[in-house]
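Residue numbers (this note's numbering): 923 to 1110. In this text, a Cβ means the ideal position worked out from N, Cα and C, and glycines have one as well. The model shown is predicted, which means the values in this text are computed figures rather than measured ones. Structure first, then comments.
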C-alpha cells in the first residue's frame, strides 16, 4: 500500500549508496554530544536520480524552515551560505578512496532506524550491517538554528541492506578471513 501524502523533505535513496561510519545498532556520542544512531551515505555521482531528490528535499526543507532560519535576524540567509548535508567526497575527503567520485550525506537520529534486507525482512544479526554494505536509506531533511549555527540537517529514518561490500575501516570480517583456508592444512 503506497502512501498518498508526499513529504517533500523525505527521500528514499536508490540501491547504490554505500554505508560508512555505520552506527545503526548502537547510538554513539560524537564530541560529548547526545548519543545518536548514524550512517554516512556515500552516493555515486552517477546516481543522478538520488542526488536530484536530495537537492529538491534540501530546497523544500529550506522553504519550510525559513522562519526558524531567520531567527531574530532581519532576513532569511540564502541557502547557498548555509551548512547543508550534501557534500562532495572528492573535495572534502580527497584521501579516502571510498568517497572518490561520490557525494555523501551524514544522517542521524536519536531513535534506532528500522533495518531490513532486500526482501524487506527485519535484519536481526548485527554482523550483517557494517560500514561498507550497499543499500537504500529513508532520510529526511530539516532546517536548524542552534547556538549560532544555521543550516539544513539530515535525519535517519530506516535502512534497507541491498548487498554486501568490502568492509570499510580496515577491519575484515571473520567469515571472509577464514573462507579460503584449506581445511587439510589445519591439522598438518
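Short Cβ contact (9 angstroms threshold) for residue i with residue j
i, j, result
"residue 1062", "residue 929", "yes"
"residue 1032", "residue 949", "yes"
"residue 1012", "residue 966", "no"
"residue 1082", "residue 1046", "no"
"residue 937", "residue 1084", "yes"
"residue 1080", "residue 1049", "no"
"residue 962", "residue 943", "yes"
"residue 1054", "residue 1088", "yes"
"residue 970", "residue 1074", "no"
"residue 995", "residue 1064", "no"
"residue 1020", "residue 1090", "yes"
"residue 940", "residue 964", "yes"
"residue 1117", "residue 993", "One cannot answer for residue 1117 here, as it falls past the ends of the chain, which runs 923 to 1110."
Assigned exposure category for residue i - 16 Cβ within 10 Å defines buried
i, result
"residue 954", "exposed"
"residue 923", "Model confidence at residue 923 stands at a pLDDT of 48, short of 50, so the residue's coordinates are unreliable; what they give is reported in the following sentence. Exposed, by the Cβ-count rule."
"residue 1072", "buried"
"residue 947", "exposed"
"residue 951", "exposed"
"residue 980", "buried"
"residue 983", "buried"
"residue 1034", "exposed"
"residue 933", "buried"
"residue 1003", "exposed"
Secondary structure of residue i, DSSP reduced to three states
i, result
"residue 948", "strand"
"residue 1036", "strand"
"residue 1074", "strand"
"residue 939", "coil"
Cβ-heavy atom distance, residue i to the ligand MG, below 8 angstroms
i, result
"residue 975", "As for the ligand MG, it is missing from this structure, which has no ligand bound."
Integer-rounded CB distance, given that residue j should sit under 8 angstroms from residue i
i, j, result
"residue 1076", "residue 1007", "4 angstroms"
Legend entry - Completely contained beta strand (DSSP E) runs for the region 1007-1065, where each covers 3 or more residues: 1024-1031 and 1036-1038
Inset, instruction - May I have a chain-ordered list of the alpha helix (DSSP H) segments no shorter than 4 residues that lie completely inside the region 943-1000? - result: 970-986 and 988-992
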